[in-house]
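Enquirer:
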Amino acid sequence: MATSAKKIAILGGGFAGLSSVASLKEEGGFEPVCFEKTSNLGGTWFYREEVIDGVASIMPTTIINHSKEMGALSNFPPPKELSNFMRHNELYDYAMDYFKFNDVLKHAQCNMEVMKVRRAPDYEETGRWIVTVKNTISGEEKTDIYDGVLVCVGHVNRPQMPSYPGQELFKGKILHTHSLRGVESYKGKNVVVVGMGCSALDAAVDISSVAKQQVYISTRSGAHVLQRVGPHGYPFDWTLARRFLMFLFDIIPFYIFSWLFECLYIDPQFNQKLYTVKPKDYFLSKDPVVNDHLAAHLLSGLVIQSPDIERFTEDGVIFKGDTEVTKADAVIMATGYSWKFPFLENDVIVKEEGRFNLYKCMFPTQLHHATLAVIGFILPFGPGFPVGELQCRWATQVLAGKCKLPSKEVMLKDVIDRNDYNVRRYLPNEKMSLRVDYIPYCDDIASQFGAKP
Ligand SMILES: Cc1cc2nc3c(=O)[nH]c(=O)nc-3n(C[C@H](O)[C@H](O)[C@H](O)COP(=O)(O)OP(=O)(O)OC[C@H]3O[C@@H](n4cnc5c(N)ncnc54)[C@H](O)[C@@H]3O)c2cc1C
Ligand SMILES: NC(=O)c1ccc[n+]([C@@H]2O[C@H](COP(=O)([O-])OP(=O)(O)OC[C@H]3O[C@@H](n4cnc5c(N)ncnc54)[C@H](OP(=O)(O)O)[C@@H]3O)[C@@H](O)[C@H]2O)c1
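Position 167, counted from 1, in the sequence shown is what this note's numbering calls 233; the numbers after and before it change by one each time, with no gaps.
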């Protein structure tokens, strides 16, 4: 029997992809088909021992860095017995319960890698797309036409490896945190962790828990570190992600706001200006870094903070400003990630003058039809899941034809304005135009489809 349901291809079976399916189902009138290249759904939060190119990974000890109070799915609150800051497996179970409750899983096909997404011959009229997927087990390819495409392949999945003079001489092990799982093999070893983001601090703290060795954190610019425990023992984000703070943020310049926040909130807990590498930037100029144990580990010498690496030697590294070699058995690069959309035509996600031309970080501004959106390609200053959920809901309304995007000119101006603001606020960064503040961005997206409270 012919169906008038719109066929939507959802690329990626992580939380963004599965939440997109949930949203399309809730709206009705769609036939969602979700393709996942690995053999399991859940993306980042499905813990796996093996390291897969282009698939995000977590450590066995990863704890989410926002609380369940702030990161909950809007119509599926986490059960009260779950921890405020969930371990990765608790988060996975919670989200999978939501997907099962919404009967989402039957729309997902595992071991199906999206190879190509092209405009259909009748694209100019219909906005349709041709999607080619490959069965990663049988190698068989199939191609089909879709009324819409949601790109949900994540962007924290392609390790960035810096290189230093003399690195080829080093006889120890060099790896990226993307490949780091258990820390037992570092027992009794001296380890240098490069970077001071969440991955670096998780790695350094975990490795230093294995006795009789020294762990160093090497950082070129330091970081302001927040702890999960906020004032009076409440989750820090529950205290901080507040509208009255956003109001202050609106009326005072971000650097004054940052300075006040550092003096009044961060420094009394852990004044990072006292340590070897002081943060070179304002709190609000970089991704927030969350770790509960760093301060105690620095005070007890379990972790030593050091400047950037000047060069490698056979048996260690020389930090900038040092003359002596610091012996190391392993160097772990916690130096962040880059991304790729290898299946898209080059003119879909366009980077121009350092900015991605994506309206509200989702819709390519130059396309003639609003039938392709990217979900989760964003760096929110605050919890990521509510932001992702709202993106799914707005994309659904647009695909349903219930919301219209403005003209290309208006969209491009919005992109340029966001990027210009971010250039003023953030350090130079490849993902500059993807940075958003949690509350204003949620308000903005919710307003697009009449859901702002
Ligand atoms: C260690 C770590 C900790 C994090 N902690 C937090 C946190 O505490 N809070 C927070 O908000 N965010 C956190 N993040 C960010 C994380 O990216 C988001 O939490 C969220 O999981 C992103 O979901 P996603 O579905 O967009 O991407 P992913 O989880 O990366 O899922 C993308 C999926 O797409 C699949 N895929 C990729 N290419 C293809 C293809 N060609 N064909 C088919 N399938 C494909 C992948 O296999 C994967 O399953 C963390 C990330 C990492 C790496
Ligand atoms: N527990 C958790 O929930 C958890 C754990 C891990 C990761 N995450 C999330 O995953 C994402 C990725 O985090 P991440 O820590 O892997 O990456 P990240 O936030 O991008 O941090 C990368 C770090 O590496 C440094 N760096 C980058 N290039 C370098 C170079 N060439 N030389 C020296 N240092 C370099 C950066 O320093 P500069 O600041 O000087 O650029 C920064 O300190 C983030 O969104 C994070 O929140 C969450």
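Virtual Cβ for every residue (Gly too), placed ideally from N, Cα, C.
When every heavy atom of ligand 3 is checked, does at least one fall within less than 8 Å of the C-beta of CYS176?
Expert: Of the ligands this structure carries, namely ligand 1 and ligand 2, none is ligand 3.
Enquirer: Less than 8 Å between the CB atoms is what I'm expecting for CYS100 and ALA174, so what's the real figure, rounded?
Expert: About 4 Å; that satisfies the 8 Å criterion.
Enquirer: Within the same chain, show all residues whose beta-carbon is closer than 6 Å to that of LYS73, passing over the 5 residues directly before and after it, in chain order.
Expert: The residues are GLU97, TYR212 and ASP213.
Enquirer: What beta strand (DSSP E) runs, 3 residues minimum, are completely inside the segment 190-236?
Expert: Listed in chain order, they are 195-201, 207-212 and 214-217.
Enquirer: Please classify CYS329 as buried or exposed, where buried requires at least 16 neighbouring CB atoms within 10 angstroms.
Expert: CYS329 is exposed by the Cβ-count criterion.
Enquirer: Jot down the residue ranges of each uninterrupted alpha helix (DSSP H) in the segment 409-472, minimum 4 residues, whole runs only, in chain order.
Expert: 450-465, all fully within the segment 409-472.
Enquirer: Which residues does DSSP list as the beta-bridge partners of PRO301?
Expert: According to DSSP, which records beta bridges pairwise, PRO301 is partnered with VAL295.
Enquirer: Is the beta carbon of CYS176 sitting closer than 9 Å to the one on LEU77?
Expert: No, they are not a contact pair.
Enquirer: If you draw a straight line from the C-alpha of PHE385 to the C-alpha of ILE375, how long is it?
Expert: Going from the Cα of PHE385 to the Cα of ILE375 covers about 4 Å.
Enquirer: For GLN175, which beta-bridge partners are listed by DSSP?
Expert: Answer by DSSP bridge pairing, in chain order: PHE101.
Enquirer: Confirm the yes/no value for this check: CB of LYS497, any heavy atom of ligand 1, distance under 8 Å.
Expert: Answer for LYS497: no, Cβ out of range of ligand 1.
Enquirer: With DSSP collapsed to three states, give me the class of MET67.
Expert: With a pLDDT of 47 at MET67, under the threshold of 50, the modelled position of that residue is not reliable, and the figure given next carries that caveat. Here MET67 sits in coil by DSSP.
Enquirer: From which residue to which residue does the beta strand (DSSP E) around ILE130 run?
Expert: It is not in any beta strand (DSSP E) - ILE130 carries neither H nor E in the DSSP assignment.
Enquirer: Name the one or two DSSP bridge partners that LEU241 has.
Expert: Answer is ILE398.
Enquirer: Taking buried to mean at least 16 other C-beta atoms within 10 Å of its own C-beta, is MET67 buried or exposed?
Expert: Because the pLDDT at MET67 is just 47, under 50, the model does not fix this residue reliably, and the point stays unresolved.
Enquirer: Just curious, the alpha helix (DSSP H) that ARG377 is in, first and last residue?
Expert: Counting along the chain, ARG377 falls outside any alpha helix (DSSP H), though it belongs to the beta strand (DSSP E) covering 375-378.
Enquirer: How should PHE310 be labelled, buried or exposed, when 16 other C-beta atoms within 10 angstroms of its C-beta is the threshold for buried?
Expert: Exposed, by the Cβ-count rule.
Enquirer: Measuring only from the beta carbon, is GLY205 closer than 8 Å to any heavy atom that is part of ligand 2?
Expert: GLY205: no, Cβ never under 8 Å from ligand 2.
Enquirer: According to the neighbour-count rule (16 or more other Cβ atoms, all chains shown, within 10 Å of its Cβ), is TYR300 buried or exposed?
Expert: Label assigned to TYR300: exposed.
Enquirer: Are the Cβ atoms of SER372 and ILE283 separated by less than 9 Å?
Expert: Yes, they are a contact pair.
Enquirer: Quick one: Cα of VAL281 to Cα of VAL257, how far?
Expert: One C-alpha to the other measures close to 5 Å.
Enquirer: Residues in the same chain with beta-carbon distance under 6 Å from TYR252, minus the five sequence neighbours each way, listed in chain order, please.
Expert: So the qualifying residues of the chain are ILE273 and VAL276.
Enquirer: Using the rule of at least 16 other Cβ atoms within 10 Å of the residue's Cβ for burial, across every protein chain shown, is GLY402 buried or exposed?
Expert: Buried, by the Cβ-count rule.
Enquirer: Rounded to a whole number of angstroms, what is the C-alpha to C-alpha distance between ASP353 and PHE315?
Expert: Using only the alpha carbons, I get a separation of about 17 Å.
Enquirer: In chain order, what residues of the same chain have a beta carbon less than 8 Å from the beta carbon of MET181, not counting five sequence neighbours either side?
Expert: Result list for MET181: THR198, VAL199, LYS200, GLU207 and PHE409, in chain order.
Enquirer: Note down, in chain order, each residue of its chain lying with its Cβ closer than 6 Å to the Cβ of VAL397, except the 5 sequence neighbours on either side.
Expert: Cβ within range, chain order: ILE240 and VAL258.
Enquirer: Cβ of ASP542 versus every heavy atom of ligand 2: is any distance shorter than 8 Å?
Expert: Limits of the chain in this structure are 67 at one end and 519 at the other, which puts residue 542 out of reach.
Enquirer: Nearest to GLU411 by alpha carbon, out of ARG184, PHE323 and GLN457?
Expert: For GLU411, the nearest C-alpha among the options comes from ARG184.
Enquirer: Can you give me the Cβ contacts of ASP509 inside the same chain, cut-off strictly under 7 Å, excluding the 5 residues immediately before and after it?
Expert: Within the same chain, ASP509 has close Cβ partners LYS518.
Enquirer: Within the chosen definition, does the segment 498-512 reach the segment 446-458 through at least 3 CB pairs nearer than 8 Å?
Expert: Short answer: they touch.
Enquirer: Are ASN131 and VAL356 close, meaning C-beta to C-beta below 9 Å?
Expert: Cβ distance < 9 Å, so ASN131 and VAL356 count as in contact.
Enquirer: Leaving out the 5 sequence neighbours to the left and right, which residues in its chain are closer than 6 Å to PHE142 when beta-carbon positions are compared?
Expert: Same-chain partners within the cutoff: TYR164.
Enquirer: First and last residue of the alpha helix (DSSP H) that includes GLN514?
Expert: 504-514 is the span of the alpha helix (DSSP H), which, as asked, contains GLN514.
Enquirer: Mapping DSSP to helix, strand and coil, what is GLY79?
Expert: Note: GLY79 maps to coil in three-state DSSP.
Enquirer: Excluding the 5 residues flanking PRO228 on each side, which residues of the same chain have their C-beta closer than 8 Å to its C-beta?
Expert: VAL260, MET399 and THR401.
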